[in-house]
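Peer 1:
In my numbering, the protein residues as written are 138 to 292.
1. For the candidate residues 258, 273, 268 and 223, whose alpha-carbon lies nearest to that of residue 282?
2. If we ignore side chains and look at the alpha-carbon of each, how far apart do residue 279 and residue 152 end up?
3. By DSSP, does residue 218 sit in helix, in strand, or in coil?
4. Just how far apart, CA to CA, sit residue 201 and residue 138?
5. According to DSSP, is residue 280 part of a helix, a strand, or is it coil?
6. Classify residue 252 as buried or exposed, calling it buried when 16 or more other Cβ atoms lie within 10 Å of its own Cβ.
7. What do you reckon, are the CB atoms on residue 199 and residue 275 nearer than 9 Å?
8. Let's see if you can read the secondary structure: which residues bound the beta strand (DSSP E) around residue 275?
9. Can you give me the C-alpha to C-alpha distance between residue 140 and residue 165, rounded to a whole angstrom?
10. Straight-line CA distance for residue 173 to residue 219?
11. By alpha-carbon positions, which one of 196, 207 and 205 ends up nearest to residue 217?
12. Which runs of the alpha helix (DSSP H), 4 residues or longer, sit entirely within the region 173-202?
13. Could you round the C-beta distance between residue 182 and residue 290 to whole angstroms and report it? I think they count as a contact, below 8 Å.
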């Protein structure tokens, strides 16, 4: 069982610290694909292709700016035993946007959270998804999902 960790980056000063935190948190074999392509979609798709070529069984996408905590990677991978896709959300009570209660912390402005919640409600409702945070970049997927979706996606 091998995990592909896809990290699209621009110029992320936090990247080395993030890679160290991944090393401390992930207890299964993994490969990190740091993608520098122009455009988020292209970077993620190239990372997925590389992970498929490397025969990875599970995939994680996460931002290179430190906004996603690697300590949750193993929990997300464990949930892939029961689900095809697991989304790490800042909009749940234990997430980064809330301080254990439905009060916004200083990490995210009320406006940013409001725009994101409206967008998520629109997309989730339009697509019939039962998802709290469909805009999250912290996502775990099974290989089959990536392999099935990749030919259908065109950034």
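Note that beta-carbon positions come from the ideal geometry of N, C-alpha and C, so glycine has one too.
Peer 2: Put simply:
1. 223
2. 25 Å
3. coil
4. 24 Å
5. helix
6. exposed
7. yes
8. Residue 275 -> no beta strand (DSSP E), and no H or E assigned at all.
9. 7 Å
10. 32 Å
11. 196
12. 177-190
13. 6 Å
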